[in-house]
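Presented below is the structure to which this report refers.
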Amino acid sequence: METLKTTAEGVIAVKAKEVRAFGTEAPDKTLQPIKINRRIPTPHDVEIEILYCGVCHSDLHTARNEWHGTVYPCVPGHEIVGRVVSVGKHVSKFKVGDHAAVGCMVDSCRECQYCKEDLEQYCEEGNTATYNSPDRHLGTQTFGGYSESVVVDEAFVLRVPENLDLAAAAPLLCAGITTYSPLKHWNVGPGKKSGDSGYWWFGAYGR
Amino acid sequence: MGIGGLGHMAVKLAKAMGADVIVFTTSASKVEDAKRLGADDVVLSKDKNEMQRYAGRLHFVLDAVSAQHDVNAYLSQLRVDGTLVLVGAPEHPLPVAAFSLIPYRRTFAGSMIGGIAETQEMLDFCGKHNIVSDIEMINIQQINDAYERLLKGEVRYRFVIDMASLKK
Numbered sequence: 000m001e002t003l004k005t006t007a008e009g010v011i012a013v014k015a016k017e018v019r020a021f022g023t024e025a026p027d028k029t030l031q032p033i034k035i036n037r038r039i040p041t042p043h044d045v046e047i048e049i050l051y052c053g054v055c056h057s058d059l060h061t062a063r064n065e066w067h068g069t070v071y072p073c074v075p076g077h078e079i080v081g082r083v084v085s086v087g088k089h090v091s092k093f094k095v096g097d098h099a100a101v102g103c104m105v106d107s108c109r110e111c112q113y114c115k116e117d118l119e120q121y122c123e124e125g126n127t128a129t130y131n132s133p134d135r136h137l138g139t140q141t142f143g144g145y146s147e148s149v150v151v152d153e154a155f156v157l158r159v160p161e162n163l164d165l166a167a168a169a170p171l172l173c174a175g176i177t178t179y180s181p182l183k184h185w186n187v188g189p190g191k192k193s194g195d196s197g198y199w200w201f202g203a204y205g206r
Numbered sequence: 000m001g002i003g004g005l006g007h008m009a010v011k012l013a014k015a016m017g018a019d020v021i022v023f024t025t026s027a028s029k030v031e032d033a034k035r036l037g038a039d040d041v042v043l044s045k046d047k048n049e050m051q052r053y054a055g056r057l058h059f060v061l062d063a064v065s066a067q068h069d070v071n072a073y074l075s076q077l078r079v080d081g082t083l084v085l086v087g088a089p090e091h092p093l094p095v096a097a098f099s100l101i102p103y104r105r106t107f108a109g110s111m112i113g114g115i116a117e118t119q120e121m122l123d124f125c126g127k128h129n130i131v132s133d134i135e136m137i138n139i140q141q142i143n144d145a146y147e148r149l150l151k152g153e154v155r156y157r158f159v160i161d162m163a164s165l166k167k
């Protein structure tokens with residue numbers, strides 16, 4: 000399989016290979032072993048062997064088309080931690096053997112006002128979600144972390160601090176950032192005024 | 000009922016940021032667990048008297064409930080200029096009474112994940128404070144059962160798939 004993609008370095012041929020995954024063919028079907036295509040790393044790509052993948056409620060919603068718009072086959076998973084197994088020739092942040100992580104996004108337009116403000120999640124074109132999103136390289140839908148490997152532009156690959164347990168760090172990529180971002184944005188922290196009892200918040204649980 | 004993947008992370012992160020953390024839960028059986036995660040106090044949200052304890056006093060409320068619920072009961076916990084942020088996504092619209100917002104100049108908001116730079120900042124923050132998720136490891140072949148357990152709220156608090164199992 001080969002597709003053409005226009006990049007800053009000109010038009011390049013993007014090749015792909017088959018890898019093992021777990022996914023579903025229809026909303027009412029269970030997840031089963033399937034094969035999917037992953038691109039061969041282009042110059043800015045990092046190929047990651049997936050070691051652990053967290054299970055988010057969004058995975059289930061998407062697999063079962065509960066939010067509508069699921070394209071099948073569907074391979075969920077956006078809390079990905081793994082090991083770098085190959086890098087494109089222009090990759091500078093990662094080398095083979097590094098631990099690496101991928102969260103809910105694998106790409107965005109990178110040119111709109113929000114991408115330029117480090118708010119790629121609110122990209123005007125819509126960010127390229129890790130699964131069930133139009134793949135900017137292969138033209139299919141994107142496939143998530145319930146698979147043996149993933150190939151992602153280094154700009155969307157993250158580093159996991161060495162002291163953290165890799166498996167237990169996986170949920171930080173969605174559950175962690177989903178809660179961290181609003182806590183930071185609204186300046187949650189110790190009380191700043193005298194007599195202030197601090198910033199109280201609420202985490203109502205479950206269902 | 001079940002403590003969520005989002006909520007348990009929020010408790011750990013907010014404590015590390017220095018906040019006083021109050022957890023609202025529908026289940027008495029979750030009180031001790033919420034405190035173990037770092038909550039300073041736990042409110043049983045089904046009890047009307049309990050719900051009065053912090054009414055009008057909270058600066059910030061993070062709503063991680065994905066089921067239908069009365070958001071007005073939580074807006075009323077906010078002090079003047081307080082903000083309630085939705086991160087859970089209930090299927091149907093949530094009715095908001097004008098007088099849940101107007102009298103205390105309250106804000107009702109939403110938020111979706113974070114940017115790449117902020118995600119790296121979050122990971123580094125977790126490294127510094129030694130924060131990870133509480134997980135239950137599964138093999139990929141157990142994923143369909145895991146989904147059923149997730150729906151029943153039986154996971155504390157996140158399933159993680161050992162992807163080496165894919166080769167089995």
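Read top to bottom, the protein sequences are chains A and B. Just so you know, we're using numbering that gives the first Met the number 0 here: the first sequence kicks off at 0 and counts up by one. Just so you know, we're using numbering that gives the first Met the number 0 here: the second sequence kicks off at 0 and counts up by one. From the three backbone atoms N, C-alpha and C, an ideal C-beta is built for every residue, glycine too. Just so you know, these numbers come straight off a predicted model, no measurement behind them.
At a cut-off of 8 Å, the C-beta of Gly17 of chain B has a neighbouring C-beta in chain A. Of B:Met16, B:Lys127, B:Ala66, B:Tyr73, the smallest CA-CA separation from Lys151 of chain B is found for B:Ala66.
The criterion of a C-beta distance shorter than 8 Å is not satisfied by Tyr73 of chain B and Ile21 of chain B.
In this structure, the straight-line span from the alpha carbon of Glu135 of chain B to that of Val54 of chain A is close to 10 Å. When only Cα atoms are considered, Ala63 of chain B and Leu36 of chain B end up about 16 Å apart.
Proximity of Leu122 of chain B to chain A, defined by a Cβ-Cβ separation below 8 Å, is satisfied. Taking each of A:Arg158, A:Pro160, A:Thr5, A:Tyr145 in turn and checking the Cα distance to Thr41 of chain A, the smallest one comes out for A:Thr5. Among the residues facing chain A, Arg157 of chain B is included, as its CB has a counterpart in that chain under 8 Å away.
Selection A:Cys103, A:Ser85, A:Gln120 evaluated against Arg38 of chain A yields A:Ser85 as nearest (Cα-Cα). Among the residues of chain A, those whose CB is under 7 Å from the CB of Gly126 of chain B are Pro160, Asn162, Leu163, following chain order.
Out of B:Ser164, B:Arg148, B:Gly109, the CA that lies nearest to the CA of Leu93 of chain B is found in B:Gly109.
Rounded to the nearest whole angstrom, the CA to CA distance from Leu77 of chain B to Arg105 of chain B is 7 Å.
Under the 10 Å beta carbon count, His91 of chain B is surrounded by fewer than 16 other beta carbons and is classified as exposed. Between Ile33 of chain A and chain B, the shortest Cβ-Cβ separation is not below 8 Å. Per DSSP, reduced to three states, the secondary structure at Arg135 of chain A is coil, with no helix or strand assignment. Every unbroken stretch of the alpha helix (DSSP H) spanning 4 or more residues and falling wholly within the region 25–76 of chain A is given here in chain order: 56–62. Residues Met104, Val105, Asp106, Ser107, Pro133, Asp134, Arg135, Thr141 of the same chain have their beta carbon placed closer than 8 Å to that of Thr127 of chain A, with the five preceding and five following residues left out of the count.
When DSSP reads this structure, Lys4 of chain A sits in a beta bridge with A:Ile11. Note: Ala128 of chain A is bridge-paired with A:Met104 in the DSSP secondary-structure output.
In terms of Cβ geometry, Leu149 of chain B and Gly87 of chain B do not form a close pair [threshold 8 Å]. One finds Asp117, Ile176, Tyr179, Ser180, Lys183 in chain A with Cβ atoms closer than 8 Å to the Cβ of Glu117 of chain B, taken in chain order. In terms of CA proximity to Met121 of chain B, A:Pro181 leads the group A:Lys94, A:Gly22, A:Pro181. Using a CB distance cut-off of 8 Å, Ile39 of chain A does not count as an interface residue toward chain B. With contacts defined by Cβ atoms closer than 8 Å, Asp44 of chain A and Val151 of chain A form a contacting pair. Closest by C-alpha distance to Gly138 of chain A, out of A:Ala7, A:Glu8, A:Lys14, A:Gly96, is A:Lys14. By the Cβ-count criterion, Trp185 of chain A is buried, with 16 or more other Cβ atoms from all chains shown falling within 10 Å of its own Cβ.
Here Phe142 of chain A carries a coil assignment [DSSP, helix/strand/coil]. No Cβ of chain B is located within less than 8 Å of the beta carbon of Pro72 of chain A. Runs of the beta strand (DSSP E) lying entirely within the region 102–150 of chain B, each at least 3 residues long, are 106–109, 134–138 in chain order.
Going by DSSP, Arg158 of chain A is part of no alpha helix (DSSP H) at all; its letter is neither H nor E.
Between the region 156–166 of chain B and the region 167–174 of chain A there are three or more C-beta pairs closer than 8 Å, enough to call the two in contact. Rounded to the nearest angstrom, the gap between the Cα atoms of Leu165 of chain B and Gly125 of chain A is 31 Å. Shortest Cα-Cα distance from Glu46 of chain A to any of A:Pro189, A:Ala174, A:Leu3, A:Arg82 involves A:Arg82. Chain order gives the chain B residues near Cys103 of chain A as Ile112, where near means a beta carbon separation below 8 Å. With fewer than 16 other Cβ atoms from the protein chains shown falling within 10 Å of its own Cβ, Lys88 of chain A counts as exposed.
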